[in-house]
Amino acid sequence: MKRLLLILTFLLLPGFAALAQSPEEVNALVKNLTSPSAAKRAAAEKGLLELGPGILPFLPETVRSPEAKMRLNRVRLELERQAAEDSLKAGVVTFPDEFTVGSAAEMLALAAKQTGNLIEADLPENAGFTKPQDVAVMEFWPFLDAFCDQLHLEPQALPEKKGLKLVPTDRQTPRPAYFQPFRLEEVQMQKTVGNAGLLRLELAWEPRIQPVFAYLKLTEGSFDGGEPVKFPATEYEILIGQNDFRAFCDVPLSARLVPPEAKTLTVRGTFSAVACGARKDFTFDALDQKLDRAFTPVSARTAALLVTFSRLRTEKTKTGAYLAATLRYRYEESHEAMESHRTWIYENDAILRGPNGEEITSERSDLLRQTPNEIAVEIYFPVNEETLKNLSGWTLVFPRPCGIYEVEAPFELRDIFLGK
């Protein structure tokens, strides 16, 4: 049977999936920021905020009036904060009107577009997907579980990409717990000494986000549907990797808690994580005027992050020439996500972008300074002599998460089979 390779890359975040507002509506409110009437100016600012983060692409970079500029900047910072926080909510899949049965490839493409997640799947050309009954909207993980169950697939990590590849499997999805962009399921229940056990849990997250660290705490359980039993108040850390969409946690169960005749276990607890919000490209220009010269540091910010570009120099080695850019970024609240053992902070990729769209990707970075809230790095770009001689029109693009946020939620995993 002919196969269809489906590779889907979408930059849309869930908050941007459907823009209900028009540029004309936004432009009218921005114009009112310069109204002679103070009441109209205040109403215009409030109106822009009420339209939500979806209008960010329509906002002008600046306006002439000092007061309007102040109001516009205030609107932009608040909406960027909302967008970053919204990016840590569950992605949502909305089925087309009257959709019941349709092309699996088209439905998966729609889900990827709406949620902002990268998905690859090798699907039969005529594969179909049936919408769960009486459902018009689904969060990302419940949708993907339903999709994989129907087509006998399971997700795996894409090598060197933040995305998923769906591969064939005979495994059926158990009863996972869902909370925002996270998914928790029981992977294995292993009996150890006596009646004790070791419960292995898998935490998965939508690949568009990046958790930094996470914890699980089991608070109580019930055996065979009986009365709740309190569990010891122990917190278990889940070690997060950088190139996967899941991590594992082993929870020991004491023999004194597990009745010898018990067949199933339901557990309840709380989940907490610190995760990076949506990424933004911080762009700096006029590089030809900054190279190997002293210049006033240039800053750009969101509501929770300040990025400063302070130096651009040439470095020549035996292997070639480099442009070395010094950048500093500081979060208002890091939630301990920037401690030295958190490897994500050392991933400081950046791009030099030319006037004709050509790009040079950074080769490496050196850490210059680190505090609980701030990082300074020097980033190296391999360049040729021609580029060094003419940097006119080139820009430096530095992607960074717009904020670092805490996520907390209760969970319940039902009817875990305890084995013989």
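Taken in order, the sequence shown gives residues 14 to 433; the numbers are from the numbering used here. Just so you know, even glycine gets a beta-carbon here, dropped at the ideal spot from N, CA and C.
Bounding residues of the alpha helix (DSSP H) (the contiguous stretch that carries residue i)
i: Gly-60; result: 51-64
i: Gln-146; result: Segment: none, Gln-146 is in no alpha helix (DSSP H) and carries neither H nor E.
i: Ala-118; result: 117-128
i: Glu-419; result: From DSSP, Glu-419 is part of no alpha helix (DSSP H) but of the beta strand (DSSP E) over 417-430.
Under the three-state DSSP convention, the category residue i falls into
i: Met-83; result: helix
i: Arg-89; result: helix
i: Leu-26; result: Because Leu-26 carries a pLDDT of 41, less than 50, the predicted location of this residue cannot be relied on, and no value is offered for it.
i: Arg-213; result: strand
i: Trp-407; result: coil
i: Lys-178; result: strand
i: Pro-414; result: strand
i: Arg-184; result: coil
i: Gln-95; result: helix
i: Gly-67; result: helix
i: Leu-252; result: coil
i: Leu-300; result: helix
i: Thr-327; result: strand
i: Pro-137; result: strand
i: Thr-75; result: coil
i: Thr-356; result: helix
i: Ser-347; result: coil
i: Leu-318; result: strand
i: Thr-339; result: strand
i: Ser-48; result: coil
i: Arg-382; result: strand
i: Leu-101; result: coil
Beta-carbon spacing of residue i, residue j below 9 Å
i: Ile-417; j: Ala-291; result: no
i: Glu-250; j: Val-280; result: no
i: Ile-392; j: Ser-375; result: yes
i: Val-320; j: Arg-326; result: no
i: Asp-294; j: Phe-411; result: yes
i: Pro-66; j: Leu-85; result: no
i: Glu-419; j: Val-287; result: yes
i: Pro-166; j: Pro-189; result: In the sequence under discussion, the amino acid at residue 166 is Leu, which differs from the Pro named in the question. Cβ distance not < 9 Å, so Leu-166 and Pro-189 don't count as in contact.
Unbroken beta strand (DSSP E) run spanning residue i, endpoints
i: Cys-289; result: 277-289
i: Leu-164; result: Note, Leu-164: premise wrong, no beta strand (DSSP E); alpha helix (DSSP H) at 153-164.
i: Glu-37; result: First-last for Glu-37: 36-45, but that is the alpha helix (DSSP H), not the beta strand (DSSP E).
i: Thr-296; result: 292-297
i: Lys-402; result: Unbroken run through Lys-402 is the alpha helix (DSSP H), 398-402; no beta strand (DSSP E).
i: Thr-232; result: 223-236
i: Ile-373; result: 372-374
i: Leu-263; result: The question names Leu, but residue 263 is Asp in the sequence shown. Note, Asp-263: beta strand (DSSP E), 259-266.
i: Phe-308; result: From DSSP, Phe-308 is part of no beta strand (DSSP E); its letter is neither H nor E.
i: Lys-204; result: 195-204
i: Ala-190; result: 190-192
i: Val-105; result: 105-107
Neighbourhood of residue i by C-beta, 7 Å cutoff - its chain only, sequence neighbours within 5 removed
i: Leu-42; result: Ala-57, Gly-60 and Leu-61
i: Ala-117; result: Leu-136, Ala-140, Gly-141, Phe-142 and Leu-164
i: Gly-115; result: Gly-141 and Phe-142
Any chain D beta carbon closer than 9 Å to residue i
i: Gly-67; result: Checking the listed chains, one finds no chain D in this structure; it contains a single protein chain.
Nonlocal neighbours in the same chain, by C-beta distance under 6 Å from residue i, ignoring five residues either side
i: Gln-223; result: Cys-289
i: Glu-421; result: Ser-285
i: Phe-71; result: Pro-36 and Val-39
i: Asp-301; result: Leu-404 and Ser-405
i: Trp-154; result: Tyr-191 and Arg-196
i: Tyr-228; result: Glu-248, Glu-250 and Ser-285
i: Thr-408; result: Thr-296, Asp-298 and Arg-366
i: Pro-194; result: Ala-103, Trp-218, Glu-219 and Ile-222
Outcome for residue i when other beta-carbon atoms lying within 10 angstroms are tallied against a minimum of 16
i: Glu-219; result: buried
i: Ala-125; result: buried
i: Asn-130; result: buried
i: Glu-98; result: buried
i: Gly-176; result: buried
i: Gln-127; result: buried
i: Phe-322; result: buried
i: Lys-15; result: Only weak support exists for where Lys-15 lies, its pLDDT of 28 falling under 50; the value from the coordinates is given anyway. Looking at its Cβ environment, which holds fewer than 16 other Cβ atoms inside 10 Å, Lys-15 is exposed.
i: Gly-104; result: buried
Same chain only: Cβ atoms within 8 Å of residue i, ignoring 5 sequence neighbours per side
i: Pro-423; result: Phe-192, Arg-281, Gly-282, Thr-283 and Phe-284
i: Arg-429; result: Residue identity differs from the one stated: residue 429 is Ile in this sequence, not Arg. Correct list, in chain order: Glu-199, Met-202, Leu-212, Thr-277, Leu-278, Thr-279 and Val-280.
i: Lys-82; result: Thr-75 and Val-76
i: Gly-370; result: none
Closer than 8 Å: residue i CB and nearest the ligand NAD heavy atom
i: Ala-140; result: Ligands are entirely absent from the displayed structure, and the ligand NAD is therefore not among its contents.
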